[in-house]
Every structure is written in structure tokens, then in C-alpha cells.
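S.K.:
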Amino acid sequence: MWKILWCSWILLVSAALAESEPHFGSWMHMGLLEESPEPLACGKTPGLSPGQTKLCHLYEDHMPGVGRGARAGIDECQWQFRHRRWNCSIVHDASVFGPVVKIASREAAFTHAIAAAGVVFSIARACRDGQLSSCGCSRSGRPRDLHRDWIWGGCGDN
15 MWKILWCSWI
25 LLVSAALAES
35 EPHFGSWMHM
45 GLLEESPEPL
55 ACGKTPGLSP
65 GQTKLCHLYE
75 DHMPGVGRGA
85 RAGIDECQWQ
95 FRHRRWNCSI
105 VHDASVFGPV
115 VKIASREAAF
125 THAIAAAGVV
135 FSIARACRDG
145 QLSSCGCSRS
155 GRPRDLHRDW
165 IWGGCGDN
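For the sequence shown, our numbering assigns the number 15 to the initial residue and increments by one for each residue that follows.
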């Protein structure tokens with residue numbers, strides 16, 4: 015589980031670094047792509063920096079989870095800001111939200127945080143459900159301090 019969270023962290027850090035370069039878009043663009051049974055074409059996905067493209071190739075089975083998480087983040091942003099002047103409206107290019115998130119603001123911080131949370135949640139769920147090749151359920155037994163009324167399944171997403 016830590017390995018997958020570490021990979022998610024690397025993706026998000028590289029996303030933050032790519033945000034400072036104007037010729038790159040945003041990894042959040044993966045949330046706008048249609049989900050398909052075919053693997054994601056990492057080299058042709060708009061919005062990914064070279065480092066993110068490399069991570070995409072290394073962890074191709076994680077990318078549908080990244081897309082689902084990014085979509086969940088976009089949806090949550092739109093819900094939370096629905097009554098505001100800027101309501102997380104999307105532009106259909108690699109930047110997702112346009113130049114608004116390039117400004118150091120509370121809205122930009124929230125946008126990045128909620129999208130990152132969506133990705134981590136989605137990847138953790140995919141790991142729990144056995145959809146990822148590089149993570150698995152805990153091999154340890156029931157924790158001793160776990161309340162006796164709780165059912166231990168050996169694998170969780172928290």
C-alpha cells in the first residue's frame with residue numbers, strides 16, 4: 015500500500031513541478047478522457063510532462079485510477095464552487111481549468127488538493143480491489159488493538 019501511495023505522491027509532485035512550465039498542461043486532463051478498456055496511450059496523453067509520461071509507462075495499470083480520481087476531483091470542485099463566480103468550469107484543453115489555477119489563490123490550492131485526494135482515494139480503492147499489479151493486501155494478521163466488533167478482512171483502503 016505504501017508503494018502505491020509513494021507512486022501517487024511522485025505523480026502529484028511531478029504534476030506540481032510541471033504546472034510551472036507553460037508548455038505543459040495538467041495531469042488533471044486525464045479526468046476528462048473517456049474511460050476505455052484499451053490501455054492509455056501515455057505518450058499521446060495531453061497534459062503530461064516527460065516525467066509524468068515516464069511514470070505513466072511504468073504504472074500503466076494505475077492510469078485508469080488516476081483518471082477516475084481526477085474526474086472525481088473535478089466533479090467535487092464543481093460541486094463545492096457551484097454558487098461562486100468561478101465554479102471550476104473546465105476548458106477542453108490540457109490545462110483543464112484554464113489560466114485560473116496558475117494564479118496563487120485559495121481556489122487553485124483547493125483545485126489541486128481535491129484532485130490529488132481523488133487520485134489517492136481512487137488508487138487506494140483499486141489496490142484494495144486487486145486491480146493493480148504492484149500492490150496487494152496486507153499479509154499481516156488481525157491487528158491486536160482492533161476492536162473485537164470489527165471484522166478484519168486483511169485488506170483495506172485506508
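The beta-carbon is built from N, C-alpha and C at its ideal position, and this holds for glycine as well. It should be emphasised that the depicted structure is a prediction, and the values quoted were computed from it without experimental measurement.
Given a threshold of 16 other Cβ atoms within 10 Å of its Cβ, counted over all protein chains shown, does Arg-162 qualify as buried or as exposed?
M.R.: Counting from one through the sequence shown, the residue named residue 162 turns up at place 148. So Arg-162 counts as exposed.
S.K.: Judging by CA-CA distance, which residue of Val-105, Lys-58, Asn-101 is the nearest neighbour of Glu-121?
M.R.: Start at 1 with the first residue of the sequence shown, and residue 121 comes out as number 107. Checked all of Val-105, Lys-58, Asn-101; the closest Cα to Glu-121 is Asn-101.
S.K.: According to DSSP, is Trp-41 helix, strand or coil?
M.R.: If you number the sequence shown from 1, residue 41 lands on position 27. The answer is helix: DSSP assigns Trp-41 an H, G or I state.
S.K.: Please report how far the alpha carbon of Val-110 lies from the alpha carbon of Gly-57, in whole angstroms.
M.R.: Mapped onto the sequence shown, residue 110 falls at position 96. Mapped onto the sequence shown, residue 57 falls at position 43. Rounded to whole angstroms, Val-110 to Gly-57 spans 18 Å at the Cα level.
S.K.: May I have the straight-line CA-CA distance separating Leu-160 from Arg-98, to the nearest angstrom?
M.R.: Within the sequence shown, residue 160 is the residue found at index 146, counting from 1. Within the sequence shown, residue 98 is the residue found at index 84, counting from 1. Looking at the two C-alpha atoms, the distance is approximately 43 Å.
S.K.: Less than 8 Å between the beta carbons of Ile-128 and Glu-90, yes or no?
M.R.: Here the question's residue 128 lines up with position 114 in the sequence shown. Here the question's residue 90 lines up with position 76 in the sequence shown. Yes; because the gap between Cβ atoms is below 8 Å, this pair is in contact.
S.K.: Just verifying my parser: in three-state terms, what is the DSSP assignment at Gln-92?
M.R.: As a position in the sequence shown, residue 92 is number 78, starting the count at 1. Note: Gln-92 maps to helix in three-state DSSP.
S.K.: Would you kindly work out how many angstroms separate the C-alpha atoms of Phe-124 and Gln-94, rounded to a whole number?
M.R.: Along the sequence shown, read from residue 1 onward, the residue named residue 124 stands at position 110. Along the sequence shown, read from residue 1 onward, the residue named residue 94 stands at position 80. Roughly 10 Å between the two C-alpha positions.
S.K.: Could you have a look at Asp-143 and say whether DSSP puts it in helix, strand or coil?
M.R.: For this step, residue 143 is matched to residue 129 along the sequence shown. Looking at Asp-143 - three-state DSSP - the assignment turns out to be coil, as it is neither helix nor strand.
S.K.: Report yes or no: do the stretch 131-146 and the stretch 79-89 share at least 3 C-beta pairs separated by less than 8 Å?
M.R.: The answer is yes - the stretch 79-89 touches the stretch 131-146, with three or more Cβ pairs under 8 Å.
S.K.: To the nearest angstrom, how far is the alpha carbon of Gly-83 from that of Pro-60?
M.R.: Counting from 1 along the sequence shown, the entry for residue 83 is found at position 69. Counting from 1 along the sequence shown, the entry for residue 60 is found at position 46. Cα-Cα distance, rounded: 17 Å.
S.K.: Would you identify the three-state DSSP class for Arg-162, choosing helix, strand or coil?
M.R.: Position 148 of the sequence shown holds residue 162. Three-state DSSP puts Arg-162 in coil, outside helix and strand.
S.K.: What's the gap between the Cα of His-106 and the Cα of Lys-116?
M.R.: On the sequence shown, position 92 is the one that residue 106 refers to. On the sequence shown, position 102 is the one that residue 116 refers to. Rounded to the nearest angstrom, the two C-alpha atoms are 16 Å apart.
S.K.: Closest to Asp-143 by C-alpha separation, out of Ile-104, Gln-92, Asp-75, would be which residue?
M.R.: Stepping through the sequence shown from its first residue, residue 143 is reached at position 129. Measuring from the Cα of Asp-143, the nearest candidate turns out to be Asp-75.
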